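Undergrad: Pasting a structure here, questions to come.
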Amino acid sequence: MTKISREQVAEAGVVGAGGAGFPTHVKLAGQADTVLVNAAECEPLLHKDKEVLRQYADEVLAGLAAAMDLVGAERGVVGIKGKYADVIELLKPKLAPKMDVVPLRDAYPAGDEFILVYDVLGRVIPPGGIPLAVGAVVVNVETAMNVARAAEQPVTEKYLSIAGAVANPITLRVPVGITLAECVAAAGRPTVPDPNYIVGGVMMGYLEENQNALVDKTTGGVIVLPDDHVVVRRRRQDWQQIARIGRSACDQCSFCTELCPRWLLGHPIEPHRAMRSLEFNLVGEANVIGTAFCCECNLCSLYSCPEDLDPKNVCLQNKQRLAAEKKRWEDPPFNPRRPELHMENRKAPMSRLVQKLGLAGFHNVGPLDNRLLATDRVGIGLKQHLGAPCEPVVKAGDRVTKGQVLGRRPLADGKPALGAPVHASIDGTVTQIGDGVVWIEKS
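Structure below.
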């Protein structure tokens, strides 16, 4: 295997492919004893990670090996749901020494890195911490593959699932910068007259009103749903509705807390107490400061609450206020016994979650079409990552080739700021640069 350097990972523009887009070269600057490949993929109806792992097992494992080398890890683990027995059997003969596969329960949120680290290693990441705090580094399946490719090609393509109310649920390979509408069309188009796009998954994703929004390095999937679907209706509630209904209907049953993945890890977050901040009891900081540790998994709002209230958004509002006021719980307490006592018995089974969300009627498959989806125009965002937007290094009228750098990280105190470069995903001509996007038309 070609040795991969952190500089190559940075230059290739590799970022977390399934979350906030944290620059991978920064993550691989630490020292850890274990690297985990997160193949749990716990969002309902999404199949991208499992399909990429099946098709590109050798490259994903090469990326795992490269990450282990860079952080000095002695162990590499692929965490994947045990129900994907065929993928596990495919991986086993390909594993290098010091690598193994750990089967996971089909529960939500198995793909949360805090939960993954606990399920695989039995270690609890402290409140407000990161996996490195307990000697682990976690990377997404597609991220690991991109690390393996970093010496030869930058990130110009994306894999994503198209599911829900479409004729042919599918996992696609597409150029970065293609529109969501083009991807949905490749899945046989919507089967409902009023399609809504939930980007990233029904639990932690968002409702995208612009169907011509652009695919970026972090886009993991699109779930198409009709106007009257419960997930769409919930996404369209505004804060005034959430607060008014929550204030009048919350009976403090505490199910939101009892099933909260972070609370089950022993963290000091109690969503039911945060609900008291809606001006009916215990208004103030003492009962909400723990919301700083909310992972926004949405389990409390979309699964746990028998009244269909929205503790997640209440926690989020408080979390944002605390951040704006620069209030942080220093040395927060946590209960190390709680996960041992409760975690295994209180996980949310995926089958039950799918029923609760009204998704059981959709075809739950997503086979990979490995052909690159063709397009004549792409828009390459200058900010597809956590950190500072890139500064363009091309101008309108320039001819560019696939893989060419379009934008680089700005300098901060003489050093590149947190971020990752972006690259052309097709050959063509730069037609315009504006609103943080470099537009390229095929020529």
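At position 417 of the sequence shown the residue is numbered 399 (the working numbering), and the sequence of numbers has no breaks.
Backbone N, C-alpha and C fix where the C-beta goes; we use that ideal spot for every residue, glycine too.
Bear in mind the structure is a predicted one, so any value in this text is a computation, not a measurement.
1. Leaving aside the five residues before and after Asp82 along the sequence, list all residues of the same chain whose C-beta is less than 7 Å from its C-beta, in chain order.
2. Can you check DSSP and say which residues form a bridge with Arg381?
3. Hey, Pro315 and Pro250 are a contact pair by Cβ (cut 8 Å); roughly how many whole angstroms apart?
4. The alpha helix (DSSP H) with Thr201 in it runs from where to where?
5. For a test of the three-state rule: what should DSSP assign to Glu252, helix, strand or coil?
6. Ends of the alpha helix (DSSP H) at Met257?
7. Between Trp221 and the rest of its own chain, which residues show a CB-CB distance below 8 Å, the 5 nearest in sequence each way excluded?
8. Just list the alpha helix (DSSP H) runs in the stretch -12 to 61, keeping only unbroken ones of 4 residues or longer that don't cross its boundaries, in chain order.
9. Looking at C-alpha atoms only, which residue of Gly146, Pro157, Val376 and Pro253 is the closest neighbour of Leu196?
10. Roughly how many angstroms separate the alpha carbons of Ala14 and Gly45, rounded to a whole number?
11. In its own chain, which residues sit with a C-beta less than 6 Å from the C-beta of Gln414, not counting the 5 before and 5 after it?
12. So, using beta-carbon positions, are Leu114 and Gly(-5) closer together than 8 Å?
13. Among the candidates Glu252, Leu335 and Thr200, whose CA atom is the shortest distance from the CA of Gly433?
14. By the 10 Å Cβ neighbour count, where 16 or more other Cβ atoms means buried, how is Glu373 classified, buried or exposed?
15. Going by C-alpha distance, which of Asp292, Ile205 and Cys279 is nearest Gln234?
16. Based on the DSSP output, what are the partners of Lys63 in its beta bridges?
17. Below 8 Å CB to CB, which residues in the same chain sit around Gly340 once its five sequence neighbours on both sides are set aside?
18. Once you ignore the five residues that flank Asp94 on each side, which residues in its own chain have a CB closer than 7 Å to its CB?
19. Among Pro392, Lys365 and Gly248, which has the Cα closest to the Cα of Gly419?
20. So does the stretch 141 to 158 actually touch the stretch 168 to 175, counting three or more Cβ pairs closer than 8 Å?
21. Go through its chain and collect everything with a Cβ distance to Leu98's Cβ below 8 Å, but skip five positions before and after it.
22. Roughly how many angstroms separate the alpha carbons of Tyr179 and Glu164, rounded to a whole number?
23. Between Pro288, Ile107, Ala118 and Val123, which has its C-alpha nearest Pro318's C-alpha?
24. By DSSP's criteria, Leu350 is part of a beta bridge. Which residues make up the other side?
25. What does the Cβ neighbour count give for Lys76, buried or exposed, with the cut at 16 atoms within 10 Å?
26. Would Gly202 and Leu28 be called neighbours here (beta carbons separated by less than 8 Å)?
27. Can you name the start and end residues of the alpha helix (DSSP H) that Val129 belongs to?
28. Using the three-state DSSP reduction, which class does Thr161 fall into: helix, strand or coil?
29. Pull up the distance between the alpha-carbon of Ala48 and that of Ile(-14), whole angstroms please.
30. Would you grab the beta carbon distance between Thr6 and Ala55 for me? Rounded to a whole angstrom, and I think it's under 8 Å.
31. Could you say which of Arg(-12), Ala89, Ile70 and Asp51 lies nearest to Glu326 if we only look at CA atoms?
32. So, at 6 Å on beta carbons, what are the nonlocal neighbours of Ser230 in its own chain, with the 5 sequence-adjacent residues on each side left out?
33. Which residue marks the beginning of the beta strand (DSSP E) containing Ile144, and which one marks its end?
34. Taking the Cβ atom as the reference point for each residue, do Ala406 and Val382 lie within a distance shorter than 8 Å?
35. What would DSSP say about Met186, mapped onto helix, strand or coil?
36. Would you call Arg353 buried or exposed, if buried means 16 or more other Cβ atoms sit within 10 Å of its Cβ?
TA: The answer reads as follows:
1. The sequence position of residue 82 within the sequence shown is 100, counting from 1. Answer for Asp82: Val59, listed in chain order.
2. On the sequence shown, residue 381 is found 399 positions in, with the first residue counted as 1. Beta-bridge pairing links Arg381 to Thr411.
3. Counting from 1 along the sequence shown, the entry for residue 315 is found at position 333. Counting from 1 along the sequence shown, the entry for residue 250 is found at position 268. Their Cβ separation, rounded to whole angstroms, is 6 Å, which keeps Pro315 and Pro250 in contact under 8 Å.
4. Reading the sequence shown from its first residue, position 219 is the one you call residue 201. Where Thr201 is concerned, there is no enclosing alpha helix (DSSP H), given that its DSSP letter is neither H nor E.
5. Residue mapping note: residue 252 aligns to position 270 of the sequence shown, counting from 1. If DSSP states are grouped into helix, strand and coil, Glu252 belongs with coil.
6. Counting from one through the sequence shown, the residue named residue 257 turns up at place 275. Counting along the chain, Met257 falls outside any alpha helix (DSSP H), and DSSP gives it neither H nor E.
7. As a first step, residue 221 must be located in the sequence shown, where it is residue number 239. Contacts found: Asn295 and Gln299.
8. -12 to -7, 6 to 9, 30 to 37 and 39 to 53
9. Position 214 of the sequence shown, counting from 1, holds the residue named residue 196. Comparing Cα-Cα distances from Leu196 to each of Gly146, Pro157, Val376 and Pro253, the minimum goes to Pro157.
10. Position 32 of the sequence shown, counting from 1, holds the residue named residue 14. Position 63 of the sequence shown, counting from 1, holds the residue named residue 45. Ala14 and Gly45: Cα-Cα distance of roughly 16 Å.
11. Start at 1 with the first residue of the sequence shown, and residue 414 comes out as number 432. Closer than 6 Å at the Cβ level, and outside the excluded window around Gln414, lie Ala378 and Trp421.
12. Residue numbering aside, residue 114 sits at position 132 when the sequence shown is read from its first letter. Residue numbering aside, residue -5 sits at position 13 when the sequence shown is read from its first letter. No; because the gap between Cβ atoms is not below 8 Å, this pair is not in contact.
13. Residue coverage of the chain in this structure runs from -17 to 425, which leaves residue 433 outside it and unanswerable.
14. For the purposes of this step, residue 373 is identified with residue 391 of the sequence shown, where counting begins at 1. By the neighbour-count rule (16 or more Cβ atoms within 10 Å), Glu373 is not buried but exposed.
15. Sequence index remark: in the sequence shown, residue 234 carries index 252 (1-based). With distances taken between Cα atoms, Gln234 lies closest to Asp292.
16. Counted from its first residue, the sequence shown places residue 63 at position 81. DSSP output for Lys63 lists Leu86 as bridge partner(s).
17. Counting from 1 along the sequence shown, the entry for residue 340 is found at position 358. For Gly340, where only same-chain residues beyond five positions count, the Cβ hits under 8 Å are His211, Val212 and Val213.
18. On the sequence shown, position 112 is the one that residue 94 refers to. For Asp94, where only same-chain residues beyond five positions count, the Cβ hits under 7 Å are Pro243, Cys277 and Cys279.
19. Position 437 of the sequence shown, counted from the start, is the residue given in the question as residue 419. First, the residue type needs correcting, since residue 419 is Val and not Gly in the sequence shown. Checked all of Pro392, Lys365 and Gly248; the closest Cα to Val419 is Lys365.
20. yes
21. Reading the sequence shown from its first residue, position 116 is the one you call residue 98. Closer than 8 Å at Cβ, skipping near neighbours: Leu18, Asn20, Ala22, Gly61, Leu86, Ala92 and Val120.
22. Sequence index remark: in the sequence shown, residue 179 carries index 197 (1-based). Sequence index remark: in the sequence shown, residue 164 carries index 182 (1-based). Cα to Cα, the separation comes out at about 12 Å.
23. Reading the sequence shown from its first residue, position 336 is the one you call residue 318. The shortest Cα separation from Pro318 among Pro288, Ile107, Ala118 and Val123 belongs to Ile107.
24. As a working note, residue 350 is residue 368 in the sequence shown. DSSP output for Leu350 lists Thr153 as bridge partner(s).
25. Along the sequence shown, one-based indexing puts residue 76 at 94. Lys76 should be labelled exposed.
26. For the purposes of this step, residue 202 is taken as residue 220 along the sequence shown, with counting starting at 1. For the purposes of this step, residue 28 is taken as residue 46 along the sequence shown, with counting starting at 1. In contact: Gly202 and Leu28 (Cβ atoms closer than 8 Å).
27. On the sequence shown, position 147 is the one that residue 129 refers to. Counting along the chain, the alpha helix (DSSP H) containing Val129 begins and ends at Val123 to Arg131.
28. As a position in the sequence shown, residue 161 is number 179, starting the count at 1. Thr161 falls in the strand class under three-state DSSP.
29. As a working note, residue 48 is residue 66 in the sequence shown. As a working note, residue -14 is residue 4 in the sequence shown. Distance between the alpha carbons of Ala48 and Ile(-14) is about 6 Å.
30. By 1-based counting over the sequence shown, the position of residue 6 is 24. By 1-based counting over the sequence shown, the position of residue 55 is 73. Incorrect: roughly 15 Å between the Cβ atoms, too far for contact.
31. Within the sequence shown, the letter at position 344 stands for residue 326. Cα-wise, what sits closest to Glu326 is Ala89.
32. Position 248 of the sequence shown, counted from the start, is the residue given in the question as residue 230. Contacts found: none.
33. Sequence index remark: in the sequence shown, residue 144 carries index 162 (1-based). Start and end: Glu139 to Gly146.
34. Position 424 of the sequence shown holds residue 406. Position 400 of the sequence shown holds residue 382. In this structure, Val382 lies closer than 8 Å to Ala406 by Cβ.
35. Looking up residue 186 in the sequence shown gives position 204. Met186 falls in the coil class under three-state DSSP.
36. Working through the sequence shown from its first residue, we reach residue 353 at position 371. Classification for Arg353: exposed.
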